[in-house]
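Right, one structure below, let's go through it.
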Amino acid sequence: MNRGKINSKIIIHVVLIIGSFIMVLPFLWMFLTSVKTLSESMQMPPIIIPKSFRWQNYVDVWNLLPFAKFYINTFAMVFFRIVFAIVFSSMAAYAFARIKFPGRDMLFMIVLIQMMIPSQLFVIPQYLLVSKLGWLNTIKALVVPGFVSAFGTFLLRQFFLTLPSELEEAAILDGCNRWQIYWKIAMPLAKSGMAALGIFTALFAWKDLMWPMVVNMSIEKMPLSAGLASLQGQYSTNYPQLMAGSLYAIIPMIILFIIFQKQFIQGIATTGSKS
Amino acid sequence: MSKLSNNKVADYAWGYFMIAPTIIGLIILNVWPLIQTAYLSLCKFTGFDQPKFIGLGNFIKLFHDKEVIQAVYNTLAYTVIAVPIGVLLSLIIAVLLNSNIKGKTVYRTLYFLPVVSTPAAVAMVWKWLMNYDYGLINYVLSKIGIHGPNWISDPHFVLASLIIVGIWSSLGYNMVILLAGLQEIPTTYYEAASIDGAGAVKKFFSITIPMVSPTLFFVVITTMISSLQVFDLIFMMIGTSNPALPNVQSLVFLFYKYSFMIYNKGYGSAIAILLFIIIMIFTLIQLKYQKKWVHYE
């Protein structure tokens, strides 16, 4: 290898390391602040690493707000949204991709319209609907906007479109009906699509802030995102506790990401290339 | 094939059956709400009583409302600055990661961390980093002789602060999409260019950019649409009681404020419609302009 190439590699690493540092620093600072006492956190010059780690902040913030409930609510919301997204979207996606029926293209327009319109245009009527059903401050309210997924239908349709039609023809000759083809042939072949959809649904639900704040004002029924907002509203100056609470809210997703890293990256890359 | 056409009726039935949950759900949760929002934007409606039709009243008020005009300006300024810088930085990182270096996966993981983090948490730590008195950023600046500004509550800096955090949050997401696009470019193109004596810069502009342009276009459109809808970071980082809020509040923030904080859902609906129109205009401009720079194979 010549000298120019080695030099350029060093430059690339230096740039990437500086960038990585900027990406990671806020997380590091979040952790370091979360183990300081309140007075340590407000010293100038700042204490980088406190003499002893004050884990008590994690206990205090856990007792301050019902974090256990936040977790349960968040997991329930994510779980049901994933189930709905995968079951209903895959059925619709298969039909849109592989079955010819009158009005198919017109009905598919409804899916596209939903994807193109900003969600704020749905929020007030969805809120009124949830309120009329008496579902405010329930887990059901958190799940409602995820009952159907236009994005999921669109994404999985792309997967099903690429299936070779010979497979289906052979299955039909064997006497399979459409449901059996969908369930036994198409679904197993679209596993990576399902994984991508599941990840997207989880990520989107996890990060959503406005909808939970709108429908679930009761602290017992909030997911982590809205819970954090109320934590900040009530205890806005105790940064060690706020940072401990923030870490509670991000750690499960970071663990999931590290475990399913390949699926995350592939899933997101897919949406770019399948456009 | 004949067997296929014999089953036409059964196919129709299965088709309708399989799309039914999704289509019914979309009609209840999206199509009908869309019509309702359009109607409510023409009404006086608090959410507690019956909507009262008032024609274009909300929209007339909208165009004379200084707060709304400022919010439109903030939203556009945020988008026009954050999108190009954010996409360019993501592209640079993606190109660097696409070169033949060690530790790619580690870098990719680190850059991706903000994407899997709740914006609520991200906003809080940045608020702390940018704290005027005790923030790490102002401390580091003071070490090099700069008196750091009040990032969060100085009207001159608050938008810039929001842009920094917005870019930081979305960089990894765009980088992953662009990296996938870059990896699809056949290496033979670069080899051929090397034989012709093209340098790195020439290769970047005559191979990389045109070849990755469809992905780049996708990234620009999606980042633009989500930037026009910025909300979480403003709500969590800037906060409702901040004196600099008017200099940073976006249309979606105003939508939330009118609809769910001061219960003027008619006006909130009108703001949502205005936002929709702005997003449509931006998207159409992009779609029209794309012919000039996006190369589809």
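Quick note, the sequences are listed as chains H and P, same order. In this text, residue positions in the first sequence follow numbering that gives the first Met the number 0: the first is 0, and each later residue adds one. In this text, residue positions in the second sequence follow numbering that gives the first Met the number 0: the first is 0, and each later residue adds one. All C-beta atoms, glycine included, are put in the ideal place defined by N, C-alpha and C.
Can you check which of these residues, the options, is closest to residue i by C-alpha distance?
i	options	result
P/Gly85	P/Ile68, P/Phe252, P/Val8 and P/Ser168	P/Ser168
P/Gln93	P/Gln182, P/Gly144 and P/Gln248	Reading the sequence as shown, one finds Ala at residue 93 of chain P and not Gln. The residue with the shortest Cα to Cα distance from P/Ala93 is P/Gln182.
P/Ile22	H/Ser88, H/Met76 and H/Ala189	H/Ser88
H/Pro278	P/Gln285, P/Ala271, P/Thr187 and P/Asn137	In the structure as shown, chain H starts at 0 and stops at 274, and residue 278 of chain H therefore has no counterpart that could be examined.
P/Ile276	P/Tyr288, P/Met260, P/Leu250 and P/Asn263	P/Leu250
P/Asp10	H/Ser164, H/Tyr70 and H/Arg97	H/Arg97
P/Gln285	P/Tyr133, P/Ile91 and P/Val82	P/Val82
P/Leu274	P/Val71, P/Val30 and P/Ser160	P/Val71
H/Leu188	H/Thr270, H/Leu155 and H/Trp61	H/Leu155
H/Val60	H/Pro117, H/Asn72 and H/Ser33	H/Ser33
P/Gln228	P/Asp195, P/Asn73 and P/Gly134	P/Asn73
P/Gly238	P/Thr214, P/Leu161 and P/Ala191	P/Leu161
H/Gln260	P/Gln35, P/Lys7 and P/Thr104	P/Thr104
P/Leu112	H/Ile180, H/Ala268 and H/Ile249	H/Ile249
P/Ile241	P/Thr187, P/Val293, P/Gly265 and P/Asp153	Per the sequence shown, the amino acid found at residue 241 of chain P is Asn instead of Ile. Considering only alpha carbons, the answer is P/Asp153.
H/Phe26	P/Gly180, P/Leu128 and P/Pro213	P/Leu128
H/Ile289	P/Leu109, P/Val293 and P/Ile34	Residue 289 of chain H cannot be examined here, being either before or after the span of chain H that is shown, 0 to 274.
Which residues in the same chain as residue i place their Cβ atom closer than 7 Å to its Cβ, once the five residues preceding and following it in sequence are excluded?
i	result
H/Leu166	Ile184
H/Phe256	Phe263
H/Met29	Met242, Ser245 and Leu246
P/Tyr255	Phe230
H/Gly266	Ala194, Ala195, Ile198 and Phe199
H/Met76	Ile138, Leu141, Val142, Ala204 and Pro222
H/Tyr126	Val213 and Val214
H/Ala84	Gly145, Ser148, Gly151, Leu196 and Thr200
P/Ile80	Ile162
Just to confirm my understanding: we take residue i, look at its own chain, exclude 5 residues before and 5 after, and list those with CB closer than 8 Å. What are they?
i	result
P/Gly54	Leu41
P/Leu178	Ala93, Leu96, Asn97 and Arg107
P/Met223	Thr78, Val82, Phe281, Thr282 and Gln285
P/Lys309	The structure shown does not extend to residue 309 of chain P, since chain P is modelled only from 0 to 296, so the question has no answer here.
Can you name, in chain order, every residue of its own chain whose Cβ lies under 6 Å from the Cβ of residue i, other than the five neighbours on each side?
i	result
P/Met235	Ala119 and Ala122
P/Ser1	Because the pLDDT at P/Ser1 is just 46, under 50, the model does not fix this residue reliably, and the value given afterwards should be weighed accordingly. Here the set comprises nothing.
H/Ser274	Here H/Ser274 scores only 47 on pLDDT, less than 50, and its place in the model should not be relied on; the value that follows carries that caveat. Same-chain partners within the cutoff: there are none.
P/Tyr131	Asn149
H/Val214	Val129, Leu135 and Ala140
P/Val114	Gly171 and Tyr172
P/Val67	Leu61
P/Ile184	Met210
H/Ala92	Thr152, Leu155, Arg156 and Phe159
Would you kindly work out how many angstroms separate the C-alpha atoms of residue i and residue j, rounded to a whole number?
i	j	result
P/Leu25	P/Tyr38	19 Å
P/Gln69	P/Lys43	23 Å
H/Ser7	P/Met279	43 Å
H/Ser229	H/Leu15	36 Å
P/Gly198	H/Lys4	13 Å
P/Val157	P/Asn246	7 Å
H/Phe158	H/Met216	39 Å
H/Thr36	H/Pro239	7 Å
H/Ile47	H/Phe66	28 Å
H/Ile11	P/Gly102	12 Å
P/Leu61	P/Ala269	8 Å
P/Gln49	H/Ile21	51 Å
P/Val218	P/Val211	11 Å
P/Leu90	P/Met174	6 Å
P/Gly267	P/Ala243	22 Å
H/Ile253	H/Ala169	44 Å
H/Gly192	P/Gly147	47 Å
P/Phe52	P/Ala19	34 Å
H/Leu24	H/Pro44	17 Å
P/Trp31	P/Ser116	33 Å
P/Thr207	P/Leu215	11 Å
P/Ser205	P/Gly134	44 Å
H/Lys190	H/Thr161	13 Å
P/Gly196	P/Asn99	20 Å
H/Ile171	H/Phe78	34 Å
H/Gly232	H/Trp210	17 Å
P/Val164	P/Trp125	7 Å
P/Thr187	P/Asp64	58 Å
P/Leu253	H/Arg2	57 Å
H/Gly226	P/Gln248	22 Å
Provide the residue(s) that pair with residue i in DSSP beta bridges, ordered along the chain.
i	result
P/Cys300	Outside the displayed range of chain P (0 to 296) lies residue 300 of chain P, so it cannot be described from this structure.
Relative to the ligand NAP, is the shortest distance from any of its heavy atoms to the C-beta of residue i smaller than 7 Å?
i	result
P/Asn57	Inclusion of the ligand NAP in the displayed structure is not the case, the ligand content being empty and no account of it being possible.
Check: Three or more C-beta pairs closer than 8 Å, one from the region 194-204 of chain H and one from the region 40-60 of chain H: is that the case here?
Finding: no
Item checked: Three-pair Cβ contact test at 8 Å for the region 141-157 of chain H versus the region 107-115 of chain H -> yes
Notebook entry, point to check: Is there contact here, the region 89-109 of chain H with the region 10-21 of chain P, by at least three beta-carbon pairs under 8 Å?
Noted result: yes
Note to self: Using a Cβ distance threshold of 8 Å, determine whether the region 135-148 of chain P contacts the region 56-71 of chain P, with at least three qualifying pairs required.
What the structure shows: no
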